[in-house]
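Here is the structure we will look at, set down as C-alpha coordinates.
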Amino acid sequence: MKINKMRHNIVILRKEPYRNDFGETSYTYVPFIRLKARKQRLANVTSTAAAKDKFTETYRFIIRYNKNIKLDNKLEYNGEMYNITHINHILELDQCESHIECVKHEEDVRN
(Lines of atoms letter the chains of each structure in order from A and count residues from 1; the text may use other names and numbers.)
(Lines give C-alpha, C1' and ligand atoms only; values in the text may rest on other atoms or scores of the structure.)
Protein backbone atom coordinates (compact mmCIF):
# COMPACT_ATOMS: atom_id res chain seq x y z
CA MET A 1 0.00 0.00 0.00
CA LYS A 2 1.33 3.40 -0.96
CA ILE A 3 0.03 5.92 1.55
CA ASN A 4 1.36 8.90 -0.42
CA LYS A 5 -0.94 7.97 -3.35
CA MET A 6 -4.09 8.19 -1.19
CA ARG A 7 -5.01 11.76 -2.04
CA HIS A 8 -8.76 11.61 -2.49
CA ASN A 9 -11.22 12.29 0.33
CA ILE A 10 -14.18 9.90 0.31
CA VAL A 11 -17.15 9.36 2.59
CA ILE A 12 -18.80 5.99 3.17
CA LEU A 13 -22.55 6.42 3.70
CA ARG A 14 -24.68 4.07 5.80
CA LYS A 15 -28.37 3.33 5.17
CA GLU A 16 -30.57 4.31 8.14
CA PRO A 17 -34.36 4.06 8.54
CA TYR A 18 -36.52 6.98 9.61
CA ARG A 19 -40.26 7.69 9.91
CA ASN A 20 -41.71 10.25 7.53
CA ASP A 21 -44.69 12.54 8.25
CA PHE A 22 -47.18 9.78 7.38
CA GLY A 23 -45.62 7.23 9.75
CA GLU A 24 -44.07 5.16 6.95
CA THR A 25 -40.55 3.83 7.23
CA SER A 26 -38.18 5.33 4.67
CA TYR A 27 -34.43 5.12 4.30
CA THR A 28 -31.74 7.74 3.99
CA TYR A 29 -27.96 7.60 3.73
CA VAL A 30 -25.91 9.31 6.45
CA PRO A 31 -22.12 9.77 6.70
CA PHE A 32 -20.48 6.79 8.39
CA ILE A 33 -16.71 6.90 7.72
CA ARG A 34 -14.50 9.62 6.22
CA LEU A 35 -11.16 8.50 4.84
CA LYS A 36 -8.42 8.93 2.23
CA ALA A 37 -8.29 6.74 -0.87
CA ARG A 38 -6.47 6.11 -4.11
CA LYS A 39 -8.76 6.20 -7.16
CA GLN A 40 -8.44 4.06 -10.31
CA ARG A 41 -10.72 4.14 -13.34
CA LEU A 42 -11.68 0.63 -14.42
CA ALA A 43 -14.14 1.07 -17.30
CA ASN A 44 -16.46 3.42 -19.15
CA VAL A 45 -19.46 1.98 -20.94
CA THR A 46 -22.00 3.81 -23.07
CA SER A 47 -25.22 2.08 -24.05
CA THR A 48 -28.19 3.36 -26.01
CA ALA A 49 -31.74 2.16 -25.50
CA ALA A 50 -34.93 3.82 -26.73
CA ALA A 51 -34.47 7.59 -26.31
CA LYS A 52 -31.83 7.51 -23.57
CA ASP A 53 -28.07 7.29 -23.49
CA LYS A 54 -26.74 5.55 -20.43
CA PHE A 55 -23.14 6.22 -19.47
CA THR A 56 -21.64 3.99 -16.77
CA GLU A 57 -18.33 4.69 -15.09
CA THR A 58 -16.63 2.05 -12.92
CA TYR A 59 -13.96 3.00 -10.39
CA ARG A 60 -11.86 1.26 -7.77
CA PHE A 61 -11.06 3.09 -4.55
CA ILE A 62 -8.18 1.65 -2.54
CA ILE A 63 -8.22 2.37 1.19
CA ARG A 64 -6.62 1.03 4.35
CA TYR A 65 -8.23 -2.23 5.48
CA ASN A 66 -11.67 -1.62 6.99
CA LYS A 67 -14.01 -4.51 7.78
CA ASN A 68 -16.98 -2.21 8.54
CA ILE A 69 -17.73 -1.39 4.89
CA LYS A 70 -20.57 -3.45 3.38
CA LEU A 71 -22.18 -3.75 -0.05
CA ASP A 72 -25.34 -1.92 1.07
CA ASN A 73 -23.28 1.21 1.85
CA LYS A 74 -22.72 3.96 -0.70
CA LEU A 75 -19.62 5.97 -1.43
CA GLU A 76 -19.52 9.74 -1.93
CA TYR A 77 -16.64 11.39 -3.77
CA ASN A 78 -16.56 15.01 -4.97
CA GLY A 79 -20.29 15.39 -4.26
CA GLU A 80 -21.22 12.40 -6.45
CA MET A 81 -22.74 9.12 -5.22
CA TYR A 82 -21.39 5.72 -6.20
CA ASN A 83 -22.98 2.30 -5.67
CA ILE A 84 -20.58 -0.24 -4.17
CA THR A 85 -20.57 -3.39 -6.30
CA HIS A 86 -17.64 -5.34 -4.86
CA ILE A 87 -15.29 -5.19 -1.87
CA ASN A 88 -12.00 -7.09 -1.84
CA HIS A 89 -10.08 -7.19 1.44
CA ILE A 90 -6.39 -7.92 0.99
CA LEU A 91 -4.60 -9.07 4.12
CA GLU A 92 -1.02 -10.00 3.32
CA LEU A 93 2.31 -9.27 4.95
CA ASP A 94 3.01 -6.08 3.02
CA GLN A 95 -0.60 -5.15 2.13
CA CYS A 96 -3.52 -4.55 4.47
CA GLU A 97 -6.00 -2.74 2.26
CA SER A 98 -9.53 -2.85 0.94
CA HIS A 99 -10.42 -2.42 -2.73
CA ILE A 100 -13.90 -0.97 -3.23
CA GLU A 101 -15.33 -1.20 -6.74
CA CYS A 102 -18.07 1.34 -7.46
CA VAL A 103 -20.37 2.30 -10.31
CA LYS A 104 -21.69 5.76 -11.15
CA HIS A 105 -24.64 6.04 -13.56
CA GLU A 106 -25.58 9.07 -15.60
CA GLU A 107 -28.55 9.20 -17.94
CA ASP A 108 -29.37 11.86 -20.51
CA VAL A 109 -32.51 12.18 -22.59
CA ARG A 110 -31.94 12.97 -26.26
CA ASN A 111 -33.71 15.94 -27.79
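Heads up: the sequence shown begins at 9 in this note's numbering, then just goes up one per residue.
Glycine residues also receive a C-beta, built at the ideal position from the N, C-alpha and C atoms.
Quantities reported herein were computed from a predicted structural model and do not represent experimental measurements.
Proximity of residue i and residue j at Cβ, strictly below 8 angstroms
{"i": "TYR73", "j": "GLU105", "result": "yes"}
{"i": "ALA45", "j": "ILE71", "result": "yes"}
{"i": "ARG22", "j": "TYR35", "result": "no"}
{"i": "ASN17", "j": "ARG42", "result": "yes"}
{"i": "LYS112", "j": "GLU88", "result": "yes"}
{"i": "GLU65", "j": "ASN52", "result": "yes"}
{"i": "LYS47", "j": "PHE69", "result": "yes"}
{"i": "ASN96", "j": "CYS110", "result": "no"}
Residue from the options with nearest C-alpha to residue i
{"i": "LYS78", "options": "ILE20, GLU65, LEU50", "result": "ILE20"}
{"i": "HIS94", "options": "LEU101, GLU100, LYS82", "result": "LYS82"}
{"i": "ILE98", "options": "MET14, HIS107, TYR90", "result": "HIS107"}
{"i": "ARG15", "options": "TYR26, GLN103, ASN86", "result": "ASN86"}
{"i": "ASP80", "options": "GLU100, PHE40, ASP102, LEU101", "result": "PHE40"}
Enclosing beta strand (DSSP E) for residue i [first to last residue]
{"i": "ARG15", "result": "Per DSSP, ARG15 belongs to no beta strand (DSSP E) and is neither H nor E."}
Residues bridged to residue i [DSSP beta-bridge criterion]
{"i": "LYS24", "result": "It should be pointed out that residue 24 corresponds to Glu in this sequence rather than to Lys. The partner list for GLU24 (beta bridge, DSSP) reads THR36."}
Residue-level contact to chain C via CB, residue i, 8 angstroms cutoff
{"i": "TYR90", "result": "Here there is only one protein chain, and chain C is not present."}
Task: Segments assigned beta strand (DSSP E), at least 3 residues, entirely inside the segment 51-109 - done: 60-72, 82-85, 88-99
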